[in-house]
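Respectively, the protein sequence lines represent chains A and B.
For the first sequence, the residue numbers in the numbering used here are 11 to 322.
For the second sequence, the residue numbers in the numbering used here are 2 to 367.
Beta carbons: idealized from backbone N, C-alpha and C, even for Gly.
To start, the structure itself, in structure tokens.
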Amino acid sequence: MADVVVEQGRLARAARPRKRASLRNAMGRKSTVAFFLTLPLILLIALLVLYPAFYSVYLATLNKAMTKFVGLSNFTFLFKRETFWMVVRQSCIFAVTAVVFKALIGFIVAHFVHNIPGKKQRKWRGMLLVPWVIPPAMSTLAWLWLFDPSYSAFNYTLSFFGIGPIPWLGDTFWARFSVILVNVWYGAPFFLIMYLAALKSVPDQLYEAAAIDGANWWQKIWHITLPMMRNIIAITTLFSLIVTFANFDIVRILTSGGPLDRTHLFATWAFQVGIQSSDIPLGACVSLFMVPILAVAAVFILRDVNKRGNEA
Amino acid sequence: MAEVALRKVVKRYDDVEAVRGIDLDISDHEFIVLVGPSGCGKSTTLRMIAGLEDITDGDIMIGGDVVNDVPPKDRDIAMVFQNYALYPHMTVAENMSFGLRLKHYPKAEIKARVTEAARLLDITDLIDRKPKQLSGGQRQRVAMGRAIVRNPKVFLFDEPLSNLDAKLRVQMRIEIKKVHQKVRTTTVYVTHDQVEAMTLADRVVVMNKGRIEQIGTPNELYHKPATRFVAGFIGSPAMNFIPCRLEEVGGKLNVRLTDRISFPLPPARAARYSALPRTENLLLGIRPEHLTESHAHLEPGVETFDTVLDVTEPMGMETLVYFGLEGTPICGRVDPNAGAKDGGPMRLAMDLNNMHLLNEATGVVL
Numbered sequence: 011m012a013d014v015v016v017e018q019g020r021l022a023r024a025a026r027p028r029k030r031a032s033l034r035n036a037m038g039r040k041s042t043v044a045f046f047l048t049l050p051l052i053l054l055i056a057l058l059v060l061y062p063a064f065y066s067v068y069l070a071t072l073n074k075a076m077t078k079f080v081g082l083s084n085f086t087f088l089f090k091r092e093t094f095w096m097v098v099r100q101s102c103i104f105a106v107t108a109v110v111f112k113a114l115i116g117f118i119v120a121h122f123v124h125n126i127p128g129k130k131q132r133k134w135r136g137m138l139l140v141p142w143v144i145p146p147a148m149s150t151l152a153w154l155w156l157f158d159p160s161y162s163a164f165n166y167t168l169s170f171f172g173i174g175p176i177p178w179l180g181d182t183f184w185a186r187f188s189v190i191l192v193n194v195w196y197g198a199p200f201f202l203i204m205y206l207a208a209l210k211s212v213p214d215q216l217y218e219a220a221a222i223d224g225a226n227w228w229q230k231i232w233h234i235t236l237p238m239m240r241n242i243i244a245i246t247t248l249f250s251l252i253v254t255f256a257n258f259d260i261v262r263i264l265t266s267g268g269p270l271d272r273t274h275l276f277a278t279w280a281f282q283v284g285i286q287s288s289d290i291p292l293g294a295c296v297s298l299f300m301v302p303i304l305a306v307a308a309v310f311i312l313r314d315v316n317k318r319g320n321e322a
Numbered sequence: 002m003a004e005v006a007l008r009k010v011v012k013r014y015d016d017v018e019a020v021r022g023i024d025l026d027i028s029d030h031e032f033i034v035l036v037g038p039s040g041c042g043k044s045t046t047l048r049m050i051a052g053l054e055d056i057t058d059g060d061i062m063i064g065g066d067v068v069n070d071v072p073p074k075d076r077d078i079a080m081v082f083q084n085y086a087l088y089p090h091m092t093v094a095e096n097m098s099f100g101l102r103l104k105h106y107p108k109a110e111i112k113a114r115v116t117e118a119a120r121l122l123d124i125t126d127l128i129d130r131k132p133k134q135l136s137g138g139q140r141q142r143v144a145m146g147r148a149i150v151r152n153p154k155v156f157l158f159d160e161p162l163s164n165l166d167a168k169l170r171v172q173m174r175i176e177i178k179k180v181h182q183k184v185r186t187t188t189v190y191v192t193h194d195q196v197e198a199m200t201l202a203d204r205v206v207v208m209n210k211g212r213i214e215q216i217g218t219p220n221e222l223y224h225k226p227a228t229r230f231v232a233g234f235i236g237s238p239a240m241n242f243i244p245c246r247l248e249e250v251g252g253k254l255n256v257r258l259t260d261r262i263s264f265p266l267p268p269a270r271a272a273r274y275s276a277l278p279r280t281e282n283l284l285l286g287i288r289p290e291h292l293t294e295s296h297a298h299l300e301p302g303v304e305t306f307d308t309v310l311d312v313t314e315p316m317g318m319e320t321l322v323y324f325g326l327e328g329t330p331i332c333g334r335v336d337p338n339a340g341a342k343d344g345g346p347m348r349l350a351m352d353l354n355n356m357h358l359l360n361e362a363t364g365v366v367l
């Protein structure tokens with residue numbers, strides 16, 4: 011969630027320069043006071059986001075020993091490496107699959123929770139939020155034990171049905187599956203809580219009107235619930251896409267990118283290249299590739315939100 | 002189109018009985034208004050007819066078929082909600098055609114029906130707008146349009162005008178009446194506003210505490226209320242209730258209001274009330290319009306008395322005067338030129354030909 015906050019800050023910051031231009035005219039206005047009150051936060055964000063961002067651009071243009079300016083040659087080097095393109099593909103598969111399942115599970119469970127009456131609902135809401143509240147670095151360790159090929163609960167249980175043992179983290183397919191599974195487990199409660207809030211904001215009378223108009227449960231979801239939740243769905247999807255795409259901890263702990271780099275994402279590969287292999291410029295270069303990909307997704311989704319925003 | 006019948010319908014929520022055994026027959030084409038104070042069970046009754054609430058006991062019939070367990074979508078009804086419940090993401094045309102589209106009507110017919118309904122409601126120009134771009138009155142029309150295009154057996158209205166301002170409410174009231182004259186669908190209309198009830202209904206059903214107090218035409222309810230509740234609820238300002246007793250004075254039946262005031266009853270009334278015990282605590286019910294300024298030539302049965310006014314309210318065509326009679330607040334309606342003043346003395350005339358006598362304990366009109 012910390013990532014989301016940073017992203018929100020980044021979005022808010024984007025609107026600032028325009029405000030600053032009219033600052034002199036606005037002197038003495040309430041908004042000016044407000045600006046100065048938020049200034050410390052703006053400076054903090056600039057320090058923590060802008061400075062590292064530009065610094066990584068600078069780093070990406072140096073040679074491995076960081077002694078010489080090499081222009082874009084780090085980037086051209088990356089383009090020629092097969093592993094890089096594999097990481098691009100894997101990051102996209104990971105993010106899209108995980109977000110789709112998180113959204114789907116969140117949506118379905120939100121409906122169930124929404125229909126639980128009063129006090130019980132609060133209990134369920136609390137319990138279902140647990141995966142999201144535990145620091146993922148810790149919960150992923152628990153998953154790591156569950157996935158252990160010889161001594162884990164999963165393979166032990168499956169052995170009763172004559173299945174397995176499954177090499178959860180040793181085989182390409184299962185390793186990708188496991189990494190996505192843990193990410194879905196961790197992230198679905200966020201969707202659940204957002205969708206639950208959205209569901210609560212849909213007036214009951216719309217469903218009643220639809221019931222009288224002849225809609226069955228599926229038509230109510232398709233014609234009422236989904237259109238009414240459209241903005242929330244778009245925004246949660248965007249945020250989750252960004253956070254999931256930039257995921258580091260789950261992959262790092264479960265597989266460290268293995269087997270044979272088959273579960274590497276941008277963040278984990280950048281870490282391996284930059285820190286573990288001591289090629290910081292190349293690592294910075296890898297991580298910078300996330301920006302254009304996420305920017306495109308953000309533009310598409312936010313454009314739709316703006317278009318739809320004026321309706322409800 | 003169809004008749005609707007309720008047989009001993011009960012609705013219970015846990016330990017609260019919202020509707021306590023209602024019997025009601027609504028004939029084809031009829032415009033029925035359920036009226037009563039909030040919490041009287043009128044909306045619950047409507048929602049049970051719609052199928053939005055389960056019924057605890059009894060039967061509901063639409064067109065002769067018991068529909069107790071029929072879901073709303075199969076009851077062939079249309080409902081207009083208090084807050085309109087328009088689908089915000091659909092245009093006016095899409096809102097109106099939603100039900101028909103779900104039932105896979107041919108496109109040409111949908112278009113024809115929507116166009117016709119839009120013309121009827123004068124919203125043809127708004128057909129491509131979203132609900133957000135409409136005013137309250139326009140939304141109200143769209144909600145009615147959505148009901149009309151379905152051509153259902155029954156229209157249900159749940160306080161459709163209470164979100165509108167006073168002026169628009171009067172306008173839409175007339176509009177609803179016009180629409181019903183053109184589309185003579187059986188209508189059940191719920192409101193807490195007795196003026197709406199009186200002006201719209203063929204028959205009014207007055208409800209109180211989950212029970213029906215009285216069913217009748219607006220005129221019947223106004224002139225022949227059955228209970229104190231109906232007498233007090235219908236009419237504005239409300240009917241006055243003055244504690245009184247009957248007494249014999251020189252062989253004639255009198256009604257005694259205070260130590261000072263005792264009026265002889267007109268012969269027709271005297272005959273009607275002669276059998277009542279003289280000791281019983283009664284209430285004299287008299288509407289404000291039957292408490293007017295005194296004239297030189299009084300009709301038989303009209304009696305005068307002097308009082309001191311507390312407050313006067315000039316309404317233009319009339320002035321409402323308020324005064325107390327042994328602690329009972331009373332309202333009268335006098336001519337604006339009758340010289341009524343705040344705190345001033347006034348001679349008032351009470352038309353006993355239009356009086357009601359109620360049993361104070363039971364509230365029944367005698």
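Check                                                                                                                                : Outcome
Cut-off 7 Å between Cβ atoms - residues of its own chain near LYS183 (chain B), not counting five sequence neighbours on either side : LEU121
contact_flag[the region 269–282 of chain B, the region 309–316 of chain B] where n(CB pairs < 8 Å) is 3 or more                      : no
Residue from A:VAL106, A:SER149, A:MET238 with nearest C-alpha to ARG186 (chain A)                                                   : A:VAL106
Chain A contacts from the region 98–115 of chain B (Cβ-Cβ distance under 7 Å)                                                        : PHE99, GLY100, LEU103, LYS104
ASP129 (chain B) Cβ short of 7 Å to the ligand SAH heavy atom set                                                                    : With respect to the ligand SAH, the structure offers nothing, as it holds no ligand at all.
Residues of its chain near SER98 (chain B), where Cβ-Cβ distance is below 7 Å and the 5 sequence neighbours each way are ignored     : ILE111, VAL115, VAL150
CB contact check: LEU270 (chain A) to chain B, cutoff 8 Å                                                                            : no
Bounding residues of the beta strand (DSSP E) (the contiguous stretch that carries TYR190 (chain B))                                 : 187–192
Boundaries (first-last residue) of the beta strand (DSSP E) holding ARG21 (chain B)                                                  : 17–27
C-beta neighbour in chain A for ILE235 (chain B), strict 8 Å                                                                         : no
Beta-carbon proximity check, ALA227 (chain B) vs VAL366 (chain B), cutoff 8 Å                                                        : yes
Best match in B:ASP260, B:ASN255, B:ARG261, B:PRO289 for proximity to ARG273 (chain B) [C-alpha to C-alpha]                          : B:ASN255
Bridge partners - SER263 (chain B), DSSP secondary structure assignment                                                              : B:ARG257
Residues sharing a beta bridge with VAL5 (chain B), DSSP                                                                             : B:ILE27, B:ILE63
Under 8 Å between C-beta atoms of ARG229 (chain B) and LEU283 (chain B)                                                              : no
Sequence-distant residues of the same chain with beta carbon closer than 6 Å to LEU169 (chain B), five excluded per side             : GLY138
8 Å Cβ cutoff, ILE222 (chain A) in contact with chain C                                                                              : Structure shown: chain C not included; protein chains present are A and B.
Exposure label - VAL250 (chain B); buried when at least 16 CB within 10 Å                                                            : exposed
Cβ neighbours of PRO238 (chain B) in the same chain (closer than 7 Å, five flanking residues each side left out)                     : PRO289, LEU321, CYS332
Where TYR323 (chain B) falls: helix, strand or coil (DSSP)                                                                           : strand
Proximity to ASP129 (chain B) [Cα-Cα], best of B:ALA94, B:ASP343, B:ASP70, B:ALA202                                                  : B:ALA94
ALA79 (chain B) - partner residues in DSSP beta bridges                                                                              : B:PHE156
Under 8 Å between C-beta atoms of ARG8 (chain B) and ASP66 (chain B)                                                                 : no
Spatial neighbours of GLY116 (chain A) in its chain, beta-carbon cut-off 6 Å, leaving aside the 5 residues before and after          : ALA198, PHE201, LEU202, TYR205
Alpha-carbon to alpha-carbon, LYS178 (chain B) and GLN141 (chain B)                                                                  : 14 Å
C-alpha gap between MET351 (chain B) and ASP77 (chain B), whole angstroms                                                            : 52 Å
Contacts of ILE234 (chain A) in chain B (Cβ-Cβ under 8 Å)                                                                            : TYR88
Beta carbon proximity, GLY156 (chain B) to chain A, threshold 8 Å                                                                    : Here residue 156 (chain B) is Phe; the residue named in the question, Gly, does not match the sequence. No, PHE156 (chain B) lies away from the interface with chain A (no Cβ there is under 8 Å from its Cβ).
Under 8 Å between C-beta atoms of PHE242 (chain B) and LEU353 (chain B)                                                              : no
ASN220 (chain B) burial status per 10 Å Cβ neighbour count (16 or more: buried)                                                      : exposed
Where GLU281 (chain B) falls: helix, strand or coil (DSSP)                                                                           : coil
MET49 (chain B): contacting residues in chain A (beta-carbon distance under 8 Å)                                                     : Chain A residues near MET49 (chain B): none, gap ~13 Å exceeds 8 Å.
Backbone secondary structure at ALA232 (chain B) - three-state DSSP                                                                  : helix
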